[in-house]
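2 protein chains.
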Amino acid sequence: MTLPLKTKKTQVRRAPKRGQYDFEAIAQILDEGLVCQIGFVVEGRPVVIPTAYGRVGDKIYIHGASASRMLKSLITGIEVCFTLTLLDGLVLARSAYHHSMNYRSVVLFGKAENVTDKAEKMTALKAFTEHVMKGRWEDVRSPNPQELAATCVLALPITEASAKIRTGPPVDAEEDYKLPIWAGVLPLTMATGSVITDPKMTAEIDIPENVLDYHR
Amino acid sequence: MTLPLKTKKTQVRRAPKRGQYDFEAIAQILDEGLVCQIGFVVEGRPVVIPTAYGRVGDKIYIHGASASRMLKSLITGIEVCFTLTLLDGLVLARSAYHHSMNYRSVVLFGKAENVTDKAEKMTALKAFTEHVMKGRWEDVRSPNPQELAATCVLALPITEASAKIRTGPPVDAEEDYKLPIWAGVLPLTMATGSVITDPKMTAEIDIPENVLDYHR
């Protein structure tokens, strides 16, 4: 897919070699993440709120209670900055100065559109659930009309966005490579703990496979 | 420590029972996180940038190249919204509607102060390194005067901040508890992968204990 993703706003300024403007690269990072940050301006001041999201094609969906300040602000069509960061490792250099992190991040600018079409709203709600856990939507009770009405869904088009990626070993100053200091990368990943079945279960039900074998 | 952390701006509006305004609770979340998000306003538009940070007492330090747009913007004394989110688990309810996440987040408002005092600057640089990995500062080459000059350090006072925390099992609608659907929590944690020693090492040096036994 070709989109005018690279604009004056999304162009990566620091370490420009790390910038990527390819839709597939951006979509892959979006699909792996779980919590994004939504930045917006209220009375001239910045507000950043963490929230869940889902993706369908070239749209990111966010949602919440219709009464939430974030959604009430965004629905007016103000500018939004969406960011997502996946931390992949600690980059441990020989000098304090060259310590870094390996990461993949997405920064996206745009205006949120209120999703009022019921079919699209249901598609977005499915995307939220499936984004968190593949296959979960089929296993659970679907939203009823009251829940659908109480949920505000906003769409953010993926049109002005960039990814920034750092990989690989530390890059030290040339004269530091001879120092007797260990250097390298400590990879970081997301791991799952032991599943905690709700103590309020009313029947014996096996833990589903997609919960037991969860990975992103 | 008692601070006027709870203000009109930091008051948690959605799910107010999840809000905490206690300094120790906030500091604990800050000390566990690795990457924060810095929100600020450029020409009326929101910008959110992920970055590393450190904490010393009631100050958060962020840093970067003096030429970075973020630091050049913040140094002018504009308002900043700092956020940090630790994801602790997926909350898998019986209904799609009641799916949630367990998390601990901090939202902090303030204005960044340029740290020009050399001793405080060095303290902050130590805090960055030690925040990433305890004991690393003693093992590596300290910043030299050129590196110190090339690094811009900003301090954000922890005075107007809140934590928001969700823990525990899903909360379903009363009539859904009888449904034959598995519900529970899948805990998520950060895990380390196999350490990757820099291929450009010039001597055989053991991987340090704090790298091998890394945990937060």
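Just so you know, the sequences run in chain order A and B.
Residue numbering for the first sequence follows the numbering used here, starting at 1 and increasing by one per position.
Residue numbering for the second sequence follows the numbering used here, starting at 1001 and increasing by one per position.
For every residue, glycine included, the Cβ atom is placed at its ideal position computed from N, Cα and C.
Neighbours of ALA1203/B in chain A, taken as residues at a C-beta separation under 8 Å, are given in chain order as PRO180. Across the set GLN1028/B, MET1201/B, MET1190/B and PHE1109/B, the C-alpha of MET1201/B shows the shortest separation from the C-alpha of GLU174/A. Excluding five sequence positions before and after VAL1140/B, the CB atoms of its chain that fall closer than 8 Å to its own CB belong to THR1129, given in chain order. Proximity of chain B to GLN37/A at the Cβ level (cut-off 9 Å) is accounted for by GLN1037, GLY1039, VAL1048, PRO1050, THR1083 and THR1085, in chain order. Scanning the stretch 1083-1125 of chain B for uninterrupted alpha helix (DSSP H) segments of 4 residues or longer gives nothing; none is fully contained. The residue among ILE207/A, ALA191/A and MET190/A with its C-alpha nearest the C-alpha of ASP198/A is ILE207/A. Taking a beta-carbon distance threshold of 8 Å, PRO157/A does not count as an interface residue toward chain B. Of all alpha-carbon atoms in CYS81/A, ALA27/A and THR192/A, the one lying nearest the alpha-carbon of LEU1090/B is that of THR192/A. Three or more beta-carbon pairs separated by less than 8 Å link the stretch 74-82 of chain A to the stretch 35-52 of chain A, which places the two stretches in contact. Spatial neighbours of ASP176/A in its own chain (CB-CB distance under 6 Å, excluding positions within 5 residues in sequence) are listed in chain order as ARG94 and SER95.
Under the DSSP definition of a beta bridge, ARG1055/B partners with ILE1060/B. Residue state for ARG1069/B is assigned as helix, using DSSP reduced to three classes. LYS200/A carries a coil assignment under DSSP once its states are collapsed to helix, strand and coil.
For a Cβ distance threshold of 7 Å, nothing in chain A lies close to ALA1119/B: the least Cβ distance comes to about 16 Å. In this structure LEU1071/B is in contact with LEU1154/B, their Cβ atoms being roughly 7 Å apart against a cut-off of 8 Å. The shortest CA-to-CA distance from LEU30/A to any of SER66/A, PHE109/A, ARG136/A and SER105/A is the one to SER105/A.
Listed along the chain, the chain A residues whose CB falls inside 7 Å of the CB of VAL1185/B are ILE196. One finds nothing in chain A with a Cβ atom closer than 9 Å to the Cβ of GLY1077/B; even the nearest lies about 13 Å away. Sixteen is the threshold: when 16 or more other Cβ atoms of the shown chains lie within 10 Å of the Cβ of LYS121/A, as they do, the residue is buried.
In the DSSP assignment, THR192/A forms a beta bridge with LEU1188/B.
Just measuring C-alpha positions, the residue of THR159/A, MET133/A, VAL171/A and THR116/A sitting nearest VAL211/A is MET133/A. Contact annotation: in the stretch 1099-1114 of chain B, residues whose CB is within less than 9 Å of a CB in chain A are HIS1099, SER1100, MET1101, TYR1103, SER1105, VAL1107 and PHE1109.
Residue environment analysis places THR167/A among the exposed positions, since fewer than 16 neighbouring C-beta atoms fall within 10 angstroms of its C-beta.
ILE207/A belongs to the set of residues whose beta carbon lies under 8 Å from a beta carbon in chain B. Here DSSP, grouped into helix, strand and coil, assigns VAL1211/B to helix.
With a contact defined as Cβ atoms closer than 8 Å, THR151/A and HIS215/A miss out at about 28 Å. Look at ALA1191/B: its C-beta is under 8 Å from a C-beta on chain A. Among the residues of chain B, those whose CB is under 7 Å from the CB of PRO199/A are PRO1169, following chain order.
Excluding the 5 residues flanking it on each side, ASP88/A has same chain C-beta neighbours closer than 7 Å at ASN102, TYR103, ARG104, PRO187 and LEU188, in chain order.
With respect to GLY1019/B, ALA1127/B sits apart: the two C-beta atoms are not nearer than 8 Å. With 16 or more other Cβ atoms inside 10 Å of its own Cβ, PRO46/A counts as buried.
Taking 8 Å as the cut-off, the beta carbon of LEU1086/B is found closer than this to the beta carbon of GLY1033/B. Taking the CA atoms as reference points, PRO143/A sits about 32 Å from GLU160/A. Rounded to the nearest angstrom, the gap between the Cα atoms of VAL1171/B and HIS99/A is 43 Å. In the DSSP assignment, the residues bridged to LYS164/A are GLY19/A and SER105/A. Neighbourhood of VAL80/A in chain B, by CB distance below 8 Å: PRO1046, in chain order.
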